[in-house]
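For the sequence shown, the UniProt record's numbering gives the first residue as 1, with consecutive numbering after it.
Virtual Cβ for every residue (Gly too), placed ideally from N, Cα, C.
Treat the numbers as computed from the prediction; the structure is a model and nothing was measured.
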Amino acid sequence: MADHSHVPIPTYEEATTGLLRPESPHSDDSNDDRHIEELDYLEAPEPSSRLYHRARLRGGKWAQQLGAKLSSLSLPSPWLDQVRRFFRRLYIPQEYRMSGPTAARLAGLFLLATLTYVLFVLEVFPGAGDVDGDTYFPIETVRAAVQGRASGENVHYFLMHLTKFDHVAGTEGDFYLAKWVKDSWKELGKLDSLETKSYYVYLDYPGERSLTLKREGSPAWSASFEEDSIYKDREQTLAWHARSKSGEAEGHLIYANGGSANDFARLHENGIVTNGSIALVKSGGTQPSPGLKVQAAQDAGCVGVMIYSDPSDVPPDSAWRPPDDMIQRDDVSLTLGDPLTPGHSSTLNAKRLSPTDADLPKIPSLPLSWRDARILLLSLKNTGLKLPGGWIHGPKSFELKQWWSGNVTTNSLVHLKSLNEGNLTQEIWNVHGAIRGSEFPNERVVIGAHRDSWCYGAIDGGSGTAILLEVVHIFSVLRDRGWRPLRTIEFVSFDAAEYNLAGSTEFVEENLSLLKEEAVAFINIEGVAGPTFHAAAPPSWRRVLEHVLARVDGNTSPSDSDSPSSLSEAEGSDTDDEVSTLLSSWRSTGTPLHPPTVLTDTLPFLTLAGVSTLSVGFTQKHTSPSSALPRHSCHDTIESLATFVDPDYALHKHLTQVIALLVVEFSAGMEVPLDLKAYAEQLSEWITVLERETSATFARLERLPTASPGDVERATNFTLKQLKEEVGVLERRVNTFYERGRMKGGSKTVAGFEKGLVHPGGRHVVFGREGLTGEVEGSFRGVFGSVRERVDKGEWEEAMKEVERVRGRVESVGRGLE
């Protein structure tokens, strides 16, 4: 097994000695006063809210002192004489004159009101400005406070530490960072609970790997394989596909574009022999999932597959250009979490499948750089099928302008070796911290980011984790000021996300009942990979997200000055000016609110527990943050991020503000701010799209020029009529629900809506994992995946059963609103 105990990783004591941390709320009150003055106006200078109990206990003495002070007051005689002369000049008719007793009563009432007000201001009465020992702040003040507190400088500090060494899940570097995150939160001292939760999952690491091109039976060329050293004084992760089949294969070389099932089918249709071949496919493209590329190659009879990084995936106007040696590591299994414990959590003594019985790839695979892939592509020149423009990629400087598929007759024979070394029970570490809610402690808002990375992980892993650390810091400062949320806030640093979301999946599987009962929402922080705001969530999130984005500065130019230093500055900022807000910037790009189907830590929460989720970040054009380059490469460094993505960490500051404000909306308000009207309306639109695509698929399968929904129904008995009618009923029920003011328990009903869309068998009927079905572009990826999977295969009877499952769940959640 490869040695991951790298020399640059210090001991924990060495690494933490003398580290300068962002100020903790209890270590330097003056710093907190500088950054969060917007809360100060709520606190009387003396006595402060922290002296509340002492003021109450000493109420008798205070009353005596107050009486003595009032009795000692006297007005100067000249002033009294002027007042008397003034009133003598006033003439009030007899019928309008106030009687003595009435005047006395009014004076007494005024004095009583004044005294009551003074007592409340001084917090003499129990509960004045205090709830269960925690200070009450208006929600608008809390919004201003968290927005003003966000610091790009702090995020930069955290990120520098997170990227000092590679930290693949389960390695020494990963363990060190888990301990560092926990200790950082412990030092703040404001979390009500804090723990590290371990799981024991199947992980593997690179062993011996090689790729050789043979001519006439003799080796003619060997792949260089590894990326060039990024840092002279640090070791870095080797290149491999996690959970690929460990073994060797040899076969003729073919090129299969993006490696989708349709790409391999096209080769078959044109006489290309895929059986016994080793396929070369590009990353991304027609099949975004690396695991499904391997699955499609396996189904086509290939004995091995190589996935290369193509420079053309980076937009031509990007300042950053991918180096030729860049390699994208990946997990190529298809099971969320630990493939040896499907459906239950990977505790130490959990029942496990053997790797041979688990749903794992049956052929070996390897990642390749463009530097190596170009040699293989050149070896295919003039052999096999002459390929169309949509299959031709690479940089403009590549000398091969016409690409070829290769075939069994080619002279290019490839020998591939990938010997991974696995551990069936490798320990991983999630770090959990929570602030208990004052009113609804059993309702929780979960905020998370994954910590592990394939290498140094500045963008992928580090950026989101650094923002999570800053968010925890912000809310710790608020706790120090006496604030407490209404709902519990839970912060999680997830491990092993790069291994098909192992950390979050195992957590959800272990706490499935708890999450179904208590979780209101899950917010996943993807981090900053480019200048374009990106969000993926069910349609119910749009309104609250837009509300938050309207408060955040949309200017992404280099400017990360500290936020308003006082409440008046924060409230006076021009958050309603659409020209300057992040909301207007997002709208100007035409980027939609994507469905929550990308492979992020939201998937297990949504698809297994039915928790409504949001995944949010900044990315490059036309990509999600999790797929933006240099993803999964050792070129993903803090220097690269600072040079090409966010030089002054302004985007990180903006994203911190977005996350913190969303946490406030969900934890500090009485109602859960999800919009079920928008959800029902979007379902109707998606069904229309599904109907259109089903007709197109039927026409393709039957080799017809076109087909209508009626044609499909007459030929297959497949129809969406009943589902459309049920969604119409849902829309009416949602409107009635809001018209009657939600009634008692409305927030619980709103939070439970998403959970009602999870089939009793444990699968969400609307959303699934992107890319598992078909090659759909745009915002429809992953929607109604169980139906589309059957439709794509022409399994109409099974597809109709899936439609009925969807209809049944929609009916159920609609009745739950009554």
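Task: Own chain, CB closer than 8 Å to LYS245, minus 5 neighbours either side, in chain order - done: Cβ within range, chain order: LEU360, PRO361, LYS362, ILE363, PRO364, SER365 and SER418.
- [ ] For the alpha helix (DSSP H) holding LEU514, just list the boundary residues, first then last.
- [x] DSSP places LEU514 in the uninterrupted alpha helix (DSSP H) bounded by 512-518.
Open item on the list: Tell me the rounded alpha-carbon separation between GLY554 and GLU802.
Closed with: Taking the straight line from one Cα to the other gives about 43 Å.
Task: Span separating the alpha-carbon of LEU39 from that of LEU662 - done: For LEU39, the predicted structure reports a pLDDT of 42, less than 50, and the residue's modelled location is therefore unreliable. A value from the coordinates is still provided. In this structure, the straight-line span from the alpha carbon of LEU39 to that of LEU662 is close to 19 Å.
Open item on the list: Can you find the residues in the same chain that come closer than 6 Å, C-beta to C-beta, to GLY170, ignoring five residues on each side of it along the sequence?
Closed with: So the list reads LEU203, GLN426 and ILE428, once near-sequence residues are dropped.
Task: CB contact check: PRO288 to chain D, cutoff 7 Å - done: The displayed structure is made up of one protein chain only, and chain D is not part of it.
Open item on the list: Quick test of your reading: ASP495 and ASP636, contact by CB under 8 Å. State the CB separation rounded to the nearest angstrom.
Closed with: Wrong, their Cβ atoms sit about 18 Å apart, outside the cutoff.
Open item on the list: Here's the rule I'm using: 16 or more other beta-carbon atoms within 10 Å means buried, otherwise exposed. How should LYS282 be labelled?
Closed with: By the neighbour-count criterion, in which 16 or more other beta carbons inside 10 Å mark a residue as buried, LYS282 falls on the buried side.
Task: Helix, strand or coil at VAL765 [DSSP, three-state] - done: Three-state DSSP puts VAL765 in coil, outside helix and strand.
Task: Contact belief for LEU340 with PRO355 at Cβ below 8 Å, rounded distance in angstroms - done: Contact check for LEU340 and PRO355: beta-carbon distance about 7 Å, within the 8 Å limit, so the pair qualifies.
- [ ] Could you work out which residue in LEU159, PRO539, LYS401 and ARG732 is closest to ALA678 when comparing CA atoms only?
- [x] That would be PRO539, whose Cα lies nearest to the Cα of ALA678.
TODO: Please say whether ASN407 and GLY384 have beta carbons closer to each other than 7 Å?
DONE: Yes.
Task: Where the beta strand (DSSP E) containing SER283 begins and where it ends - done: No beta strand (DSSP E) holds SER283; DSSP gives it neither H nor E.
Open item on the list: Looking only at its chain, what residues have a beta carbon closer than 6 Å to the beta carbon of TRP796, apart from the 5 residues adjacent to it on each side?
Closed with: Within the same chain, TRP796 has close Cβ partners THR716 and PHE718.
Task: Neighbourhood of MET160 by C-beta distance below 7 Å, restricted to the same chain and skipping five residues each side - done: So the qualifying residues of the chain are ILE638.
Task: Reference LEU512, options VAL611, HIS654, GLY433 and HIS534, closest by Cα - done: When only C-alpha atoms are compared, the closest one is VAL611.
TODO: Kindly list the residues whose CB is nearer than 8 Å to the CB of LEU80, restricted to its own chain and excluding five residues on each side of it in sequence; keep chain order.
DONE: With a pLDDT of 48 at LEU80, under the threshold of 50, the modelled position of that residue is not reliable, and the figure given next carries that caveat. Sequence-distant partners of LEU80 (beyond 5 residues in either direction) whose C-beta falls short of 8 Å from its own C-beta are missing from its chain.
Open item on the list: I'd like to check one pair, ALA751 with VAL672: are the Cβ atoms closer than 7 Å?
Closed with: Contact flag set, yes.
Task: Any 3 or more C-beta pairs closer than 8 Å across the segment 437-451 and the segment 518-526 - done: In short, these stretches touch, since the Cβ pair count reaches three.
Task: For LEU188 and ARG809, the rounded distance between their alpha carbons - done: Approximately 44 Å, taken between the alpha carbons.
Open item on the list: I want to know whether the segment 429-441 touches the segment 485-494 - three or more CB-CB distances under 8 Å.
Closed with: They touch, by the three-pair rule.
Open item on the list: Quick check: the Cα distance between residue 859 and LEU238, rounded to an integer number of angstroms?
Closed with: The chain is shown only over 1 to 818; residue 859 falls outside these bounds and no answer can be derived.
Task: Chain-order list of residues whose beta-carbon lies under 6 Å from that of LEU353 (same chain, five-residue window excluded) - done: The answer, listed in chain order, is LEU340.
Open item on the list: What does DSSP give as the partner residue(s) for THR619 in the beta ladder?
Closed with: Per DSSP, THR532.
Open item on the list: Assuming ALA350 and PHE158 are in contact, meaning their beta carbons sit under 8 Å apart, how far apart are those beta carbons, in whole angstroms?
Closed with: Wrong, their Cβ atoms sit about 33 Å apart, outside the cutoff.
- [ ] Tell me the start and end of each unbroken alpha helix (DSSP H) in the segment 586-671 that is at least 4 residues and wholly inside, in chain order.
- [x] The segment 586-671 contains these whole alpha helix (DSSP H) runs: 602-609, 638-644 and 650-667.
Task: Buried/exposed call for ASN275, threshold 16 Cβ in 10 Å - done: Using a 10 angstroms sphere on the CB of ASN275, the tally of other CB atoms stays under 16, which defines it as exposed.
- [ ] Could you tell me the boundaries of the beta strand (DSSP E) in which TYR205 lies?
- [x] Segment 193-205, the beta strand (DSSP E) holding TYR205.
TODO: Rounded to whole angstroms, what's the CA-CA distance from TYR499 to PRO290? Just pull it up for me.
DONE: Answer to the nearest angstrom: the Cα atoms are 12 Å apart.
Task: Residue range of the unbroken beta strand (DSSP E) whose run includes TRP429 - done: In this chain, the beta strand (DSSP E) harbouring TRP429 covers 421-435.
TODO: Would you identify the three-state DSSP class for MET326, choosing helix, strand or coil?
DONE: Coil, per DSSP.
TODO: Figure out for me which residue from ALA650, ALA458 and LEU723 has the closest Cα to the Cα of GLY152.
DONE: Answer by Cα proximity: ALA650.
- [ ] Identify which residue in ASP601, ALA799, SER708 and VAL431 has its Cα closest to the Cα of GLU195.
- [x] Of the candidates ASP601, ALA799, SER708 and VAL431, the one whose C-alpha sits nearest the C-alpha of GLU195 is VAL431.
Task: Selection from GLY394, TYR205, SER747 and ASP324 that minimises the alpha carbon distance to ALA223 - done: Of the candidates GLY394, TYR205, SER747 and ASP324, the one whose C-alpha sits nearest the C-alpha of ALA223 is ASP324.
Open item on the list: Between VAL142 and LEU545, how many whole angstroms is the CB-CB distance? I'm expecting something under 8 Å.
Closed with: The pair is not a contact, with the Cβ atoms about 18 Å apart (cut-off 8 Å).
Task: Nearest-angstrom beta carbon gap, VAL168 and residue 880 [assumed within contact, 8 Å] - done: Look at the range of the chain in this structure, 1 to 818, and you will see that residue 880 is not part of it.
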